[in-house]
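Enquirer: According to the working numbering, the sequence shown is numbered sequentially starting from 210.
Next up is a structure, given as structure tokens.
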Amino acid sequence: MYADIPPKNSEFNESVVFPDEATGRLTRRLTRDRQSNAKPTYHGMGGFSVDDEYTAFCTWNDDASALVRVNIETGDCKVIDRAEVGDEFQFEGCAEFIPQTHWVVKTDGSKLRVYDSRSSNIVYFRDYAGEGFLGGAAGTCDGKSLIVIRNDHSFSYVTDKDTKDPYGVLGYSIFLVDLDTGREERIFRDEKFKGGHPIPNPCDPNLLLFNRDSPPLFSHGGDHGKTSRDWVLNIQNGQVTEIRPGDPSKFSLHSNWSYKGDHVYYHGLSGDQSTADRYSIEGSPYKDGPGTNHFIGVAKADGESVWENQYPYMTYGHVSTHRQANVIIVDNLLAYEYISGIHWEDRDSDDIPRVELLAKHNSTYAQNDQTRHPHCTMTSDGKWLCYNAKFDNRSDVYVVKMK
210 MYADIPPKNS
220 EFNESVVFPD
230 EATGRLTRRL
240 TRDRQSNAKP
250 TYHGMGGFSV
260 DDEYTAFCTW
270 NDDASALVRV
280 NIETGDCKVI
290 DRAEVGDEFQ
300 FEGCAEFIPQ
310 THWVVKTDGS
320 KLRVYDSRSS
330 NIVYFRDYAG
340 EGFLGGAAGT
350 CDGKSLIVIR
360 NDHSFSYVTD
370 KDTKDPYGVL
380 GYSIFLVDLD
390 TGREERIFRD
400 EKFKGGHPIP
410 NPCDPNLLLF
420 NRDSPPLFSH
430 GGDHGKTSRD
440 WVLNIQNGQV
450 TEIRPGDPSK
460 FSLHSNWSYK
470 GDHVYYHGLS
480 GDQSTADRYS
490 IEGSPYKDGP
500 GTNHFIGVAK
510 ADGESVWENQ
520 YPYMTYGHVS
530 THRQANVIIV
540 DNLLAYEYIS
550 GIHWEDRDSD
560 DIPRVELLAK
570 HNSTYAQNDQ
580 TRHPHCTMTS
590 DGKWLCYNAK
600 FDNRSDVYVV
610 KMK
């Protein structure tokens, strides 16, 4: 049995402090009870309140769910809202802070809510039922607007690939919502792709990094390299710029802005598996087999490639952003169960960047279980790094002190 979901406005502290297993850094496990706990996703700047004191997490069991604000230095929690199974709005998945505010945005199916995490009041609500299906929502860097991606059709590649025509589920719109007035403006329309993962630029509210997912494989491979997944939208003029990897696959899995917003980080499965194929025949130098080649790269916002390198042994993960330096934070990718920092400007004579060990998250990967994905986020002062972990039947939220 798991602990019950606490009531709305209740306060509690279940945190535990311990040294990180690999680095000895002070670590606080913010959650202990209930089956699932999930922090904001890895997208850029939505991980914390404007003062860097709080993050938000969703917590749920089979019978209820809640949205919770937590002080990352003390572990003190307050329940912003709670729902029973069957209520019109649920709190499974993850929420995000809107930059420069204490407001938290959460989507559920066709519905979207923005909460003031201090008062627990709903400050904005929208239901898109009958109009489309949400592909994500995130606040602009100035905290004035909300960017919402709405797809015309409901489609999940994993569950619908064998029953729906991938070319019949295309079309999406991107909207800009003024959080002061509630006015909604469509800023981009696209008939040929699906849209998702809005990642507003951390410094320029006019730039949006997002996914244009192409058929037939969408997030699982797109259109076999004809187009990439990551694009930058200039909101003012409506132009989109492709962030195209140099790797033969031409397809990236995840992306993020650098902390200054002048570069895009990306990674993906390589289209060149010749080394792994050779190891399969000749014998592998690695303990666990021939491995899978993958790439990690950096591009300017105009699409110009800055640095890209192929690595020999991929484990599933993400590219996140250091908030004080040009460092790519990766959960797994280079080392399974570890969080590392790639100092991509500090490269040796072979053009290989220095890699720094940041923490050990210990989460074990399982397909289609987002609570197992660490999804790292860092406070703007670089002091705290937050991640998810799940290595048994429960998931928890952690912070590790970086300085």
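Built from N, CA and C at the ideal position, the CB exists for glycine as well.
Under the rule that 16 or more other beta-carbon atoms within 10 Å means buried, what is Ser549, buried or exposed?
Expert: Mapped onto the sequence shown, residue 549 falls at position 340. By the neighbour-count rule (16 or more Cβ atoms within 10 Å), Ser549 is buried.
Enquirer: State the CB to CB distance for the pair Lys592 and Lys569, rounded to an integer number of angstroms; the pair is presumed to be in contact (CB under 8 Å).
Expert: Against the sequence shown, residue 592 aligns to sequence position 383. Against the sequence shown, residue 569 aligns to sequence position 360. About 19 Å; that fails the 8 Å criterion.
Enquirer: Asp369 lies in the beta strand (DSSP E); which residues open and close that run?
Expert: For the purposes of this step, residue 369 is taken as residue 160 along the sequence shown, with counting starting at 1. Premise fails: Asp369 lies in the alpha helix (DSSP H), Tyr366 to Asp369, not in any beta strand (DSSP E).
Enquirer: Could you tell me whether the Cβ atoms of Asn270 and Gln244 are closer together than 7 Å?
Expert: Taking the first residue of the sequence shown as 1, we reach residue 270 at position 61. Taking the first residue of the sequence shown as 1, we reach residue 244 at position 35. Yes.
Enquirer: Just how far apart, CA to CA, sit His584 and Ala247?
Expert: Along the sequence shown, read from residue 1 onward, the residue named residue 584 stands at position 375. Along the sequence shown, read from residue 1 onward, the residue named residue 247 stands at position 38. Their Cα atoms are separated by approximately 9 Å.
Enquirer: Between the stretch 216-233 and the stretch 255-264, can you find at least three pairs of beta-carbon atoms closer than 8 Å?
Expert: Verdict: no, contact absent.
Enquirer: In chain order, what are the residue ranges of uninterrupted beta strand (DSSP E) at least 3 long that sit wholly in the stretch 224-251?
Expert: Entirely contained in the stretch 224-251, the beta strand (DSSP E) runs reaching 3 residues are, in chain order, 225-228, 235-238 and 245-247.
Enquirer: Drop a sphere of 10 angstroms on the beta-carbon of Pro414, count the other beta-carbons inside from all chains shown, and report buried for 16 or more, exposed for fewer.
Expert: Numbered from its first residue, the sequence shown carries residue 414 at position 205. Its Cβ being crowded by 16 or more others within 10 Å, Pro414 is buried.
Enquirer: Which residue comes first and which comes last in the beta strand (DSSP E) that contains Thr316?
Expert: The residue you call residue 316 lines up with position 107 of the sequence shown. From DSSP, the beta strand (DSSP E) with Thr316 extends over Trp312 to Asp317.
Enquirer: What did DSSP end up calling His429 once you bin it into helix, strand or coil?
Expert: Numbered from 1 along the sequence shown, position 220 holds the residue referred to as residue 429. Three-state result, His429: helix.
Enquirer: Quick check: what's the CA-CA separation for Glu517 versus Ile505?
Expert: For the purposes of this step, residue 517 is taken as the residue at position 308 of the sequence shown. For the purposes of this step, residue 505 is taken as the residue at position 296 of the sequence shown. If you take the alpha carbons of Glu517 and Ile505, they lie about 6 Å apart.
Enquirer: Between the Cα of Ser354 and the Cα atoms of Lys459, Thr372, Arg237 and Asn410, which residue gives the shortest distance?
Expert: Within the sequence shown, the letter at position 145 stands for residue 354. Selected option, being the one with the closest Cα: Asn410.
Enquirer: Would Gly405 pass as a contact of Ile358 if the rule is Cβ separation under 7 Å?
Expert: Here residue 405 refers to the residue found at position 196 of the sequence shown. Here residue 358 refers to the residue found at position 149 of the sequence shown. Their beta carbons are under 7 Å apart, which means Gly405 touches Ile358 by this criterion.
Enquirer: By the DSSP assignment, the alpha helix (DSSP H) with Ala485 in it spans what residues?
Expert: For the purposes of this step, residue 485 is identified with residue 276 of the sequence shown, where counting begins at 1. Looking at the DSSP string, the run of the alpha helix (DSSP H) that includes Ala485 is Ser483 to Glu491.
Enquirer: Are the CB atoms of Val528 and His476 within a distance shorter than 7 Å?
Expert: Residue numbering aside, residue 476 sits at position 267 when the sequence shown is read from its first letter. Residue numbering aside, residue 528 sits at position 319 when the sequence shown is read from its first letter. Taking 7 Å as the Cβ cut-off, His476 and Val528 qualify as a contacting pair.
Enquirer: Can you say whether Gly447 is buried or exposed, counting buried as having 16 or more other CB atoms within 10 angstroms of its CB?
Expert: Along the sequence shown, read from residue 1 onward, the residue named residue 447 stands at position 238. The residue in question, Gly447, is exposed, as its Cβ has fewer than 16 Cβ neighbours within 10 Å.
Enquirer: With burial defined as no fewer than 16 other Cβ atoms inside 10 Å of the residue's Cβ, what is the status of Glu554: buried or exposed?
Expert: Taking the sequence shown and counting its residues from 1, one reaches residue 554 at position 345. It counts as exposed.
Enquirer: Judging by CA-CA distance, which residue of Leu379, Leu594 and Asp374 is the nearest neighbour of Asp361?
Expert: Counting from 1 along the sequence shown, the entry for residue 361 is found at position 152. Checking every option, the nearest Cα to that of Asp361 belongs to Leu379.
Enquirer: Under 7 Å between the Cβ atoms of Tyr474 and Val507?
Expert: To locate residue 474, count along the sequence shown from 1; it is residue 265. To locate residue 507, count along the sequence shown from 1; it is residue 298. Going by C-beta atoms, Tyr474 is nearer than 7 Å to Val507.
Enquirer: Taking buried to mean at least 16 other C-beta atoms within 10 Å of its own C-beta, is Gln576 buried or exposed?
Expert: Along the sequence shown, one-based indexing puts residue 576 at 367. Burial call: exposed.
Enquirer: Under the three-state reduction of DSSP, which class applies to Pro375: helix, strand or coil?
Expert: Here the question's residue 375 lines up with position 166 in the sequence shown. Note: Pro375 maps to helix in three-state DSSP.
Enquirer: Below 7 Å between beta carbons: does that hold for Lys320 and Asp336?
Expert: Here residue 320 corresponds to residue number 111 of the sequence shown, with the count starting at 1. Here residue 336 corresponds to residue number 127 of the sequence shown, with the count starting at 1. Contact: yes.
Enquirer: With DSSP collapsed to three states, give me the class of Arg581.
Expert: For the purposes of this step, residue 581 is identified with residue 372 of the sequence shown, where counting begins at 1. Three-state result, Arg581: helix.
Enquirer: What is the DSSP secondary structure of Leu566, counted as helix, strand or coil?
Expert: On the sequence shown, position 357 is the one that residue 566 refers to. Looking at Leu566 - three-state DSSP - the assignment turns out to be strand.
Enquirer: Give the DSSP-derived three-state secondary structure of Gly550 in the structure shown.
Expert: Within the sequence shown, residue 550 is the residue found at index 341, counting from 1. In the structure shown, Gly550 sits in a strand (DSSP, three-state: E or B).
Enquirer: Would you list the one or two residues that DSSP bridges to Met587?
Expert: For the purposes of this step, residue 587 is identified with residue 378 of the sequence shown, where counting begins at 1. Leu594, per the DSSP bridge assignment.
Enquirer: Report the residue from Ile307, Asp213 and Gly295 whose alpha carbon sits nearest the alpha carbon of Gly253.
Expert: Working through the sequence shown from its first residue, we reach residue 253 at position 44. Nearest C-alpha to Gly253: Ile307.
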